[in-house]
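*Asks:* Got a structure here, written out as structure tokens. Questions coming.
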Amino acid sequence: MIKVFYVLGLLALVLGCKPKTEFDKVKERELASGKVVEDLFLDLHFGMGRKDFFGTCWEWNKKGVLTNGAHQLMVLYKPEMPSGKETNMHFYPAFEDNKLFFMPMEFNYPAWFPGNEEYTVEKLMDDVVGLLEGWYGEGFFEVTNKNKTARAIVRVDGNRLIRVFRKDITNVRVEMLDLRVKDLPDMINKDDDA
Numbered sequence: 000m001i002k003v004f005y006v007l008g009l010l011a012l013v014l015g016c017k018p019k020t021e022f023d024k025v026k027e028r029e030l031a032s033g034k035v036v037e038d039l040f041l042d043l044h045f046g047m048g049r050k051d052f053f054g055t056c057w058e059w060n061k062k063g064v065l066t067n068g069a070h071q072l073m074v075l076y077k078p079e080m081p082s083g084k085e086t087n088m089h090f091y092p093a094f095e096d097n098k099l100f101f102m103p104m105e106f107n108y109p110a111w112f113p114g115n116e117e118y119t120v121e122k123l124m125d126d127v128v129g130l131l132e133g134w135y136g137e138g139f140f141e142v143t144n145k146n147k148t149a150r151a152i153v154r155v156d157g158n159r160l161i162r163v164f165r166k167d168i169t170n171v172r173v174e175m176l177d178l179r180v181k182d183l184p185d186m187i188n189k190d191d192d193a
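Residue 190 in numbering that gives the first Met the number 0 sits at position 191 of the sequence shown, with consecutive numbering throughout.
So this is what it looks like as structure tokens:
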């Protein structure tokens, strides 16, 4: 009888242990490194308060770099893309305890229209990843959900997670998350998104 419980317990342990994905391994290694990366872009960083965020955006606005965008992510930036194509980048962060911890961004080509092969979301995805590699260096890699129906390009530097994915037929979404505050499963539906 004891052998049966031992075998059942061992079997439950083996079956209950989910193998770690490459993403899980990279995330664990980076978090364990103790490295803290707070830089985002345009002098914005994790941990800054709302007042500092608005002040920084206002300074960039006075220089003509940032403007008010007609989008749910209210700030509009037009970065120089690797392709040279005009691109809109809308962003607006989330705060917890008055500290920036999550920065969602959405990119689109204003010249997009159905059937224009020069401005497909696939080309935009490559362009956005190229921009981010210019800002943060190489090291982005692809992850998928368990059904391989959703894909994302990710990078983890210490506590900073960057996730890039196709939102719809015209937009690419980038999410930067401070893993010291929340983890990715807290921010997404695990079964639907990569």
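All C-beta atoms, glycine included, are put in the ideal place defined by N, C-alpha and C.
Run through the DSSP bridge pairs and tell me what N107 is partnered with.
*Replies:* For N107, which the question treats as bridged, DSSP gives the partners N87, N170.
*Asks:* Whose C-beta lies closer than 6 Å to the C-beta of I161 among residues of the same chain, with five residues either side of it excluded?
*Replies:* R154, M175.
*Asks:* When we look at the beta-carbon of E29 and count the other beta-carbons within 10 Å, is it buried (16 or more) or exposed?
*Replies:* E29 is buried by the Cβ-count criterion.
*Asks:* Between the C-alpha atoms of E141 and G129, what's the straight-line distance to the nearest angstrom?
*Replies:* Distance between the alpha carbons of E141 and G129: 14 Å.
*Asks:* So for K98, helix, strand or coil by DSSP?
*Replies:* Strand at K98.
*Asks:* Between which two residues does the beta strand (DSSP E) harbouring L75 extend?
*Replies:* That run of the beta strand (DSSP E) goes 74-76.
*Asks:* Could you tell me the distance, in whole angstroms, from the CA atom of G183 to the CA atom of F22?
*Replies:* The residue you asked about is not Gly; residue 183 is Leu in the sequence shown. Going from the Cα of L183 to the Cα of F22 covers about 11 Å.
*Asks:* With DSSP collapsed to three states, give me the class of F22.
*Replies:* Looking at F22 - three-state DSSP - the assignment turns out to be helix.
*Asks:* Just grab the DSSP bridge partners of E141 for me.
*Replies:* DSSP lists I152 as partners of E141.
*Asks:* Whole angstroms are fine: how far does the CA of N87 sit from the CA of P81?
*Replies:* Each residue's Cα considered, the two are about 14 Å apart.
*Asks:* Could you give the DSSP three-state label for V35: helix, strand or coil?
*Replies:* Residue state, collapsed to three classes: coil.
*Asks:* Going straight from the alpha carbon of F94 to that of G136, what length do you get?
*Replies:* Near 26 Å, if we compare the C-alpha coordinates of G136 and F94.
*Asks:* In terms of DSSP beta bridges, what is R159 paired with?
*Replies:* In DSSP, R159 forms a bridge with D156, D177.
*Asks:* I need the DSSP call for V13, collapsed to helix, strand or coil.
*Replies:* Only weak support exists for where V13 lies, its pLDDT of 47 falling under 50; the value from the coordinates is given anyway. In the structure shown, V13 sits in a helix (DSSP, three-state: H, G or I).
*Asks:* Which partner residues of A93 appear in the DSSP bridge assignment?
*Replies:* Beta-bridge pairing links A93 to F101.
*Asks:* Going along the chain, which residues of its own chain have a beta-carbon closer than 6 Å to the beta-carbon of D177, five neighbours each way excluded?
*Replies:* F45, F100, N158, listed in sequence order.
*Asks:* Inspect the beta-carbon positions of G48 and N97 and report whether they are closer than 7 Å.
*Replies:* Closer than 7 Å, so yes.
*Asks:* Between T20, K84, A69, which lies nearest to T119 when the distance is taken from Cα to Cα?
*Replies:* Residue K84 is the option with its Cα nearest to T119.
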